[in-house]
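**Student:**
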Amino acid sequence: MSTDLFCEIIAGERPATLVHEDEVAVSFLDARPVFKGHVLVVPRAHIETLADLADVGPFFDRVRAMAGAVEEGLGAGGTFVAMNNRVSQSVPHLHVHVVPRNPKDGLRGFFWPRTKYASPEEAQDYAGRVAGALTAG
Numbered sequence: 002m003s004t005d006l007f008c009e010i011i012a013g014e015r016p017a018t019l020v021h022e023d024e025v026a027v028s029f030l031d032a033r034p035v036f037k038g039h040v041l042v043v044p045r046a047h048i049e050t051l052a053d054l055a056d057v058g059p060f061f062d063r064v065r066a067m068a069g070a071v072e073e074g075l076g077a078g079g080t081f082v083a084m085n086n087r088v089s090q091s092v093p094h095l096h097v098h099v100v101p102r103n104p105k106d107g108l109r110g111f112f113w114p115r116t117k118y119a120s121p122e123e124a125q126d127y128a129g130r131v132a133g134a135l136t137a138g
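To convert, count from 1 in the sequence shown and add 1; that's the numbering used here.
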């Protein structure tokens, strides 16, 4: 079995601000978010690319639910949902970015400026708001 940063987070060997987890996927805040509340959804099993994902339905059900939860929990106008496949894939583990969006938020094309959370407590607040919307929906 291959081990990468996301496998370590899934195994609890590396800290992350979890938003949700189940038998199919684990979702956590991106440590370098485009906008605060930027969530990564990763399959629990080590899968490197979309082509390697045998059953896309259950995984993308989680991605769809997370996109709705990010909008509802953060009061976002929408979301940007994206995935790199090999090229520009910073971690060799399939992952989908769910980024909160609002009109005139400054995001242009594929230029992804990054920000930071002021504290672990602020990160946990964002994760809790998204997780609350996920369970409410």
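For each residue, glycine too, the CB sits at the ideal point set by N, CA and C. Because the structure is a prediction, the values reported are computed rather than measured.
At 3 residues or longer, and completely inside the stretch 23-94: list those beta strand (DSSP E) runs for me, N to C.
**Tutor:** 26-30, 40-44, 79-83
**Student:** Taking a contact to mean a Cβ-Cβ separation below 7 Å, would you say Val97 touches Asp5 in this structure?
**Tutor:** Position 96 of the sequence shown, counted from the start, is the residue given in the question as residue 97. Position 4 of the sequence shown, counted from the start, is the residue given in the question as residue 5. No, the Cβ-Cβ distance between Val97 and Asp5 is not below 7 Å.
**Student:** Of all the options Leu135, Asp53, Gly76, Leu54, which has the alpha carbon lying nearest to the alpha carbon of Pro101?
**Tutor:** By 1-based counting over the sequence shown, the position of residue 101 is 100. Of the candidates Leu135, Asp53, Gly76, Leu54, the one whose C-alpha sits nearest the C-alpha of Pro101 is Gly76.
**Student:** So the candidates are Tyr118, Asp106, Phe7, Leu108; which of them puts its Cα closest to the Cα of Ile48?
**Tutor:** Within the sequence shown, residue 48 is the residue found at index 47, counting from 1. Comparing Cα-Cα distances from Ile48 to each of Tyr118, Asp106, Phe7, Leu108, the minimum goes to Phe7.
**Student:** Name the residue from Ala119, Thr80, Ser120 whose alpha carbon lies nearest to the alpha carbon of Asp106.
**Tutor:** Translated into positions along the sequence shown, residue 106 becomes position 105. For the residues Ala119, Thr80, Ser120, the minimum Cα distance to Asp106 belongs to Thr80.
**Student:** Looking at the secondary structure, which residues open and close the alpha helix (DSSP H) in which Pro16 lies?
**Tutor:** Counting from one through the sequence shown, the residue named residue 16 turns up at place 15. Note, Pro16: premise wrong, no alpha helix (DSSP H); not H, not E.
**Student:** Could you have a look at Pro101 and say whether DSSP puts it in helix, strand or coil?
**Tutor:** The residue you call residue 101 lines up with position 100 of the sequence shown. Note: Pro101 maps to strand in three-state DSSP.
**Student:** Measuring only the C-alpha atoms, how far is Ile10 from Arg33?
**Tutor:** As a working mapping, residue 10 is identified with position 9 in the sequence shown. As a working mapping, residue 33 is identified with position 32 in the sequence shown. For Ile10 and Arg33, the distance between alpha carbons rounds to 15 Å.
**Student:** Does DSSP put Arg130 in a helix, in a strand, or in coil?
**Tutor:** Here residue 130 refers to the residue found at position 129 when the sequence shown is read from its first residue. Arg130 falls in the helix class under three-state DSSP.
**Student:** Considering only DSSP beta bridges, list what His21 is partnered with.
**Tutor:** Position 20 of the sequence shown, counted from the start, is the residue given in the question as residue 21. Answer is Ser28.
**Student:** Taking the Cβ atom as the reference point for each residue, do Val43 and Val64 lie within a distance shorter than 7 Å?
**Tutor:** Along the sequence shown, one-based indexing puts residue 43 at 42. Along the sequence shown, one-based indexing puts residue 64 at 63. Result no, Cβ atoms of Val43 and Val64 do not sit closer than 7 Å.
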